[in-house]
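Structure, as structure tokens:
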Amino acid sequence: MIIRKAVIRQGCHTRTAPTRPWIRSLATEVDVQSIESSLDNSLKQTKSIESQVQNETTKLVPIIDSRTHSTLKLLEDKTAEKYKQLQRHKKLTNPLGSSIAPHYKPHLLVNHPPQPSEITLELLLASQAHLGHRTSHWNPLNSRYIFGIRQGIHIISLDVTAAHLRRACRVVSGVIERGGLVLFVGTRPGQDRCVVKAAQLAGGCHLFERWTPGSITNGHQILGNCKTKIVDEFDRDIPGYDEELRDRPVLKPDLVVCMNPLENWVLLHECSLNAIPTIGIIDTDVDPTLVTYPIPANDDSLRCVQVIAGVLGRAGEEGQKSRREKAMQGNVTYTPIVLSERVSTKGAQTGGSAKDIRGPQ
Amino acid sequence: MILSNPLRQQTALRASLPSICTQCLYNPKSQRRRLHRVPQLAHDETFAEKGVGSMLGPESYITAWRDYEGYLVDRLNRLTADTKDFTRPTKEILLEYARSPTHASLFNHASMAWNNHSFFSTLTPTPTSLSPYLIARLSASFSSVDSFRATFLATANAMFGPGFVWLVRRTNHNTSAADTPELAILTTYLAGSPLPRAHYRRQEQDMNTALQAGAFGPRSGRDPKIAPGGALIEPMLCVNTWQHVWLHDYGFGGKREYLERWWDCIDWEIVERNAQFDAVNRGPNQNFSKFNLKVGRY
């Protein structure tokens, strides 16, 4: 109270002057220095304690029950328990009434695709994998995959399809087990979701828009600005090698899986020029020599494509798991790249001749 | 175009048809899928051979369960054919169409199938006894198990017309509040549903006698703050009072005797499992995760 009155009296002085001078000026009138300083100290102490307490403890706002208008005690908050009860109640009451026969669920095929061990002829038949094109549109190179003719179309042998699909699964998991990069390609409408999911499972790349011709043969032009990184055997980023990365050649896939080879023949040709093995769904009108490992099946049925992409994605997932397990045991399944200590600046100096751009090989 | 002799035209058409008859392959009736099927009860074979304890004979059981549930499921298949509900579980169908008068038939059949299955899933051929925990819970809400039994059977007996009577548990029950008991008896007429999300079709009252002065409004005794059906309840136990269940064995006047005999056929373990009593108030060894969480053990 004494201090406030002093401040008002000395108002014009206190605005500009620091605290010390007006305390000195008051010393002659009222001896409030000791009281004021002690109060100041105590204020500072309480403020510091308060700020410490505020910083260390979190303030919890009490929840008010809308019905009884009383505060709910937070220690008795049962939200999690109630949620579990609701889930359990649903589990008890949902099956009542009638039992639903097993049936096709499209979303499950994309989001939870089948395993390679779940490839059966019944699955392939239900996914319309056996339906080829009309007989007049066939490619005679495919005759070994065809079972017969029915109602004007070629029927693909499903046992042959199953065998080729299992082989393709083995190739995908084998490549990924050895640290390879797989590219899943599906450019027809509706194939994007399954292709992305397959790439996610296999830890690879996906493509569902048009393939830019030259992305492999002319990679430094088209994909030169793409970000690359270096990882160790546990897939952890190793920072600090930006210079080396700039000099290294553009990444190429180690395996390409294509859902519609007929439209992507340019991509498959580039792969063959660069010795990249390819897997593809070969319909009765498609040239089987486009790919290294053909899978004779129906590329026009979205369900069939989803089954094949899903199964190959799962195979990739198994390969990743196997690679990681071996890395944990100290067995690195691939030959690591050697990073040179001398940083190459030839590219920057010479202006980018082909040899410099190609980088150390 | 001049039409030639129709007989000659028919023979010409017949010649162009393939030798294999393809029409039978595309007959929709023979290829029609029926996805909804009658669920398998745990004690189905025992009931069909010997009946349900002293409550129902084998013929009554076959009529009330196999025939009636088969009829309901068949109607469900027909009503949901070529719609998005073709593969949907029955409970989801009844919850979606509870507020739709145009789909009343679909709701009725789905709800009746659900209620009927709930009823038969709580029956057992060998009489069971109530666990001490369940006795304590019933006594807390109804003062004793005998008074609960008396109230329940009297309620079921007094209902005129077909329906179900349920024992329900309030999930938002506050253990400290003594005015609203945890367990309650709920009646549903015809194909009314006790599920909270289908409250619009709970049908808990006979509307011919329920509507009178003072039945609605702030002084009617209905809680104004909670929306109708807003109370979250879990159905635990039910009795089917439709006449087709007990008429054959007891006649028109035998409803009371049917209800009393039903009491001995209840599987109290399943009833306790259907409710989720407060885990805090349970004993330390009350871990129910080892039980199969489906009603009826199938």
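Chains as they are written, first to last, in this note's numbering: chain A, 1 to 361; chain B, 1001 to 1298.
Think of the CB as a built atom: it goes at the ideal place given N, C-alpha and C, for glycine as much as any other residue.
- A direct Cα-to-Cα measurement between B/LYS1050 and B/LEU1076 gives close to 30 Å.
- Per DSSP, the continuous alpha helix (DSSP H) segment holding B/PHE1152 begins and ends at 1145-1158.
- Between A/GLY316 and A/VAL110, the C-beta gap is not smaller than 9 Å, which leaves the two residues out of contact.
- Each residue's CA atom was taken as its position, placing B/ASP1082 and B/ARG1034 some 11 Å apart.
- Taking a C-beta cut-off of 7 Å against chain A, the contacting residues of the segment 1075-1096 of chain B are LEU1076, THR1087, PRO1089, THR1090 and LYS1091, listed in chain order.
- Within the segment 85-106 of chain A, the residues whose Cβ lies closer than 7 Å to some Cβ of chain B are GLN85, ARG88, HIS89, LYS91, LEU92, THR93, ASN94, PRO95, LEU96, GLY97, SER98, SER99, ILE100, ALA101 and HIS103, listed in chain order.
- Ranking B/ARG1088, B/SER1100 and B/GLY1163 by CA distance to the CA of B/CYS1238 puts B/GLY1163 first.
- Contacts with chain A at 9 Å (Cβ-Cβ) do not include B/VAL1271.
- DSSP places A/ILE176 in the helix class (H, G or I) of the three-state scheme.
- Identification of chain A residues near B/ARG1037 by a Cβ-Cβ cut-off of 8 Å yields SER98, SER99, ILE100 and ALA101, ordered along the chain.
- Excluding its 5 nearest sequence neighbours in each direction, A/LYS197 has C-beta neighbours in its own chain below 8 Å: VAL110, ASN111, PRO113, ALA309, GLY310 and GLY313, listed in chain order.
- With a 10 Å radius around the Cβ and a threshold of 16 neighbouring Cβ atoms, A/GLN52 comes out exposed.
- Shown here for A/CYS271: same chain residues with a beta carbon closer than 6 Å to its own, the five before and five after excluded, namely VAL256 and THR278 in chain order.
- Note that the segment 1245-1252 of chain B touches the segment 1056-1067 of chain B; at least 3 beta-carbon pairs, one per stretch, sit closer than 8 Å.
- Taken through DSSP and simplified to helix, strand or coil, B/ARG1037 comes out as strand.
- Annotation note: the segment 177-262 of chain A contains the following uninterrupted beta strand (DSSP E) runs of length 3 or greater, listed N- to C-terminal: 182-185, 205-207 and 255-258.
- Under the DSSP assignment, B/VAL1168 falls in the beta strand (DSSP E) whose first and last residues are 1163-1170.
- With contacts defined by Cβ atoms closer than 9 Å, B/GLY1214 and B/LEU1190 do not form a contacting pair.
- Against chain A, the beta carbon of B/VAL1073 has neighbours under 7 Å at SER98, listed in chain order.
- For B/VAL1052, there is no enclosing alpha helix (DSSP H), as DSSP marks it with neither H nor E.
- Close to B/GLN1276, with beta-carbon spacing below 8 Å, are these residues of chain A in chain order: GLN85, ARG88 and HIS89.
- Between A/THR284 and A/GLY152, the C-beta spacing is not below 9 Å.
- With contacts defined as CB atoms closer than 9 Å, A/THR292 and A/GLY179 fail to qualify as a contacting pair.
- In terms of CA proximity to B/ASP1044, B/TYR1061 leads the group B/THR1126, B/ARG1032, B/TYR1061 and B/ARG1037.
- With the rule of 3 Cβ pairs closer than 8 Å, the segment 80-100 of chain A does not count as touching the segment 129-147 of chain A.
- A residue is called buried when at least 16 other Cβ atoms come within 10 angstroms of its Cβ; A/ASP159 does not meet this threshold and is exposed.
- The segment 1147-1162 of chain B makes no contact with the segment 1065-1073 of chain B; the number of CB pairs closer than 8 Å stays below 3.
- At a Cβ-Cβ threshold of 9 Å, B/ASN1172 and B/LEU1095 do not count as neighbours.
- The beta carbons of B/GLU1269 and B/ARG1169 sit about 16 Å from each other, so the pair does not count as a contact at 8 Å.
- Using a Cβ distance threshold of 9 Å, A/GLN128 and A/ASN260 do not count as a contacting pair.
- By the Cβ-count criterion, B/CYS1265 is buried, with 16 or more other Cβ atoms from all chains shown falling within 10 Å of its own Cβ.
- Counting only unbroken stretches of 3 or more residues, the beta strand (DSSP E) elements lying wholly within the segment 115-142 of chain A are 131-134, in sequence order.
- Chain-order list of chain A residues neighbouring B/GLU1182: empty, with the shortest C-beta distance near 13 Å, by a criterion of under 8 Å.
- Contacts with chain A (Cβ-Cβ distance below 7 Å) from the segment 1096-1119 of chain B involve ALA1110, ALA1113, TRP1114, HIS1117 and SER1118, listed in chain order.
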